[in-house]
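In the numbering used here, the protein residues as written are 314 to 646.
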């Protein structure tokens, strides 16, 4: 899935911010397995996670790997790490909704100012392509995490004007909840079952979510990197599932306890809003929210056969046409 068009990363220098996170590690493993990059830079701020990662992915075994301790908040350090880099995949972020609500300054510094630092380092060092990871929570945000990622998305899209039509070009990838990643409800439910829980907490029995696997997310980023023209938000066509159905699959026979929606939490997730539909086109496996740039017309995917969606279209987890059943979920897991 999403592997139809992939970039040639042989001989390229690639920097992954947040490289020790769930996505970062999966992305780096995929690149090492399928290509021979010149350099593959793991950029993150946690020395323990880098040390743990090096136990399996050492520079002796993979000479292209570089472990670079740094924070996207630190523009000078990021600038140094970005020298002679061809591609940046920006995955660093503060992602926990409750933590962002309680620590708003930290969320803004990492997710918004960090995005600005990535853009400035990429332009200064003439990086070729930058792909930034977003989230479904950035569409019609109701929490600070979503609002900060919306601001980040706007920064990366506008960066295409700042680069003056030359390198680098910037694009954004937006997708839903990643099954099994850190912060996902899946390992939480599994841990509760293993510990003999008598009931499973459910925030609201109507709640739905989009779901994607980590490998699918990596493939989607890679394929978007290949077809990007600069300024797009790529949204994959992925299935939805009710949280109650998810709980029944992972904890069969265990009753649910309704605990109420947490602060900043949505009942359903939206990845494309009605307002975005006016500039959204549809490909076989994804949607592309195209930018409102004066020069974009000549780059539009519609010129290559992509179909505009109907005005008022909304890609939401409760009205999705693709749904996961128990067998499909277990296959993804």
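Beta carbons: idealized from backbone N, C-alpha and C, even for Gly.
Between the stretch 368 to 383 and the stretch 395 to 405, the count of Cβ pairs shorter than 8 angstroms is below three; the stretches do not touch. In this structure, the straight-line span from the alpha carbon of residue 614 to that of residue 594 is close to 7 angstroms. The beta carbon of residue 605 is closer than 7 angstroms to those of 592 in its chain, skipping five residues each way along the sequence. The DSSP-derived three-state label of residue 327 is strand. Of the other Cβ atoms in all chains shown, 16 or more fall within 10 Å of the Cβ of residue 330; this residue is therefore buried. Contact between residue 442 and residue 470 is ruled out by a C-beta separation of about 14 angstroms, above the 8 angstroms threshold. In the three-state reduction of the DSSP assignment, residue 646 falls in the coil class, being assigned neither a helical nor a strand state. Around the beta carbon of residue 529, 16 or more other beta carbons lie within 10 angstroms, which makes this residue buried. In the displayed model, residue 467 falls within a helix according to three-state DSSP.
Non-local beta-carbon contacts of residue 405 in its own chain, meaning distances under 6 angstroms to residues more than five positions away in sequence, involve 330, 331, 385 in chain order. Rounded to whole angstroms, residue 318 and residue 567 show a C-alpha spacing of 43 angstroms. Restricted to the stretch 551 to 586, the alpha helix (DSSP H) segments that are unbroken, complete and at least 4 residues in length are 556 to 563, listed in chain order. For residue 593, the enclosing beta strand (DSSP E) has its first and last residue at 593 to 595. If you check the CB distance, residue 458 and residue 409 come in under 9 angstroms. Classified as exposed, residue 576 has fewer than 16 neighbouring CB atoms from the shown chains inside 10 Å of its CB. Spatial neighbours of residue 414 in its own chain (CB-CB distance under 7 angstroms, excluding positions within 5 residues in sequence) are listed in chain order as 456, 457, 576, 577. Between residue 555 and residue 364, the alpha-carbon positions lie close to 38 angstroms from each other. Counting every other CB atom within 10 Å of its CB across the protein chains shown gives residue 599 a total of 16 or more, marking it as buried. Each residue's CA atom was taken as its position, placing residue 618 and residue 525 some 26 angstroms apart.
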